[in-house]
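Encoded as structure tokens, the structure appears first; notes follow it.
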Amino acid sequence: MSASAAVPTPSACRALPAATALRRGGAAVGTAPALLLGGAILLWGANWPVMKLGLGHVSPLWFSALRFATGAACLFAWQAARGTVWRPRAADLPVIASIGLLQMMLFTALGALAMTHLPAGRSAILSYTTPIWVVPVAVLVFGERIASRQWAGIGLAALGVAILFNPHAIDWRDGTVLGAHAMLLAASAAWAACILHLRYGGSEASAAQLAPWQMLLAAAVLLPLALALEGPFTGDGTTTFWACLIFVGPIATAFGFCAVNAASRLVPASLMSTLMLAVPVTGLAIATATLHETPGPDLILGALAIILGIAASAVPARIASKGGRRLSEKDVAETRLGTRRD
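Its first residue numbered 1, the sequence shown is counted upward by one per residue in UniProt numbering.
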């Protein structure tokens with residue numbers, strides 16, 4: 001979720017000019033955006049074990065609803081204080097609907113439900129398998145030609161999923177655990193649908209302008225759904241509950257979004273696409289350290305295959321559609337990130 005380069009980033013989310021710069025692949029990356037991006041990766045990686053902890057104090061749908069309700073409230077308050085609240089136009093509505101309902105509402109709800117039965121680290125890894133869905137659909141439906149390296153990357157990521165699903169890793173007779181794994185793949189597919197929508201559709205508004213509306217829509221759907229399926233509010237009101245909610249809502253969702261939005265305007269898209277792979281790795285590492293989750297050989301091998309496969313599929317390459325349009329390296333990387341606006 002990062003802003004289109006065509007729309008200025010609000011100053012409260014804009015990185016300060018850096019005195020020094022790092023170089024990655026020939027592109028200069030300032031210290032300030034590097035710190036912003038590093039902070040966002042840490043926040044989003046930590047979000048998985050924090051959600052796992054929070055699910056011990058509130059049911060998954062209520063937790064997901066409150067996450068986006070508090071995130072939307074923070075972003076709306078910040079924008080209102082600066083007089084920059086965006087009024088959605090007709091062209092913005094499909095993007096608000098797809099991101100709000102698929103990437104935010106469905107992805108988060110499925111992830112939270114799955115984590116009531118699975119470790120946080122495994123959940124984080126499986127949720128980042130979007131290229132497995134994006135690339136084949138881009139080829140079969142939208143007629144794009146994909147480099148052989150990217151196909152190899154998809155195959156490697158699929159092998160990683162197969163490793164995580166093998167009968168020695170999980171009990172296929174346990175429908176609950178198997179269903180939780182399926183939820184994470186479905187969540188990944190929902191995110192992939194948003195990436196494809198943004199690649200072939202989208203609006204002129206930036207991600208920063210639309211984010212609070214998307215969060216509001218996600219919360220508006222999740223709140224009555226939680227009430228209908230889980231009953232009255234289930235939070236226990238403990239200090240741990242409020243700490244987890246504040247982290248996943250205002251901090252990881254609202255502030256984390258601003259940090260990525262600011263960094264993505266100053267970091268090359270191809271580099272951004274690869275660096276975001278650190279999120280599930282960070283989630284796995286923090287879950288191992290704080291929740292004492294012990295990754296077995298299957299999780300280590302599967303995670304390694306998935307991460308390497310996604311990295312290979314995210315490497316920029318020039319591909320062409322049937323219509324003859326050449327896609328630049330920036331196009332391909334933005335397709336992976338879901339940030340492109342045509």
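We treat Cβ as the ideally placed atom computed from N, Cα and C, and that holds for glycine. Fair warning: this is a prediction, and the values are worked out from it, not measured in the lab.
- DSSP, reduced to helix, strand and coil, places glutamate 230 within a helical segment of the structure shown.
- Distance from alanine 219 to alanine 77 at the Cβ level is roughly 15 Å; contact not present, criterion being Cβ atoms closer than 8 Å.
- With 16 or more other CB atoms across the displayed protein chains lying within 10 angstroms of its CB, leucine 118 is buried.
- Contact between glycine 45 and threonine 282 is confirmed by a C-beta separation of about 3 Å, below the 8 Å threshold.
- Between the alpha carbons of leucine 113 and leucine 61 lies a distance of about 8 Å.
- Residue range 120 to 127 is occupied by the alpha helix (DSSP H) that includes glycine 121.
- Pairing glycine 100 with leucine 217 gives a Cβ-Cβ distance under 8 Å.
- Counting C-beta pairs with one atom in each stretch, the region 134 to 144 and the region 288 to 303 have fewer than three that are closer than 8 Å, which means they do not touch.
- Taking glutamine 103 as the centre and dropping the five residues before and after it, the same chain places the C-beta of Ala190, Trp191, Cys194 closer than 7 Å to its C-beta, in chain order.
- Within the same chain, Leu110 come within 7 Å of alanine 186 by CB-CB distance, once the 5 residues on both sides are set aside.
- Cβ neighbours of isoleucine 96 within its own chain (closer than 7 Å, five residues either side excluded): Pro88, Leu210, Trp213, Gln214, Leu217.
- Proximity to glycine 54 across Thr84, Met276, Gly296, Gly237 peaks at Gly237, based on C-alpha coordinates.
- Counting the other CB atoms within 10 Å of its CB gives tryptophan 133 a total of 16 or more, which places it among the buried residues.
- Around the Cβ of leucine 75, a 10 Å sphere holds 16 or more other Cβ atoms; the residue is buried.
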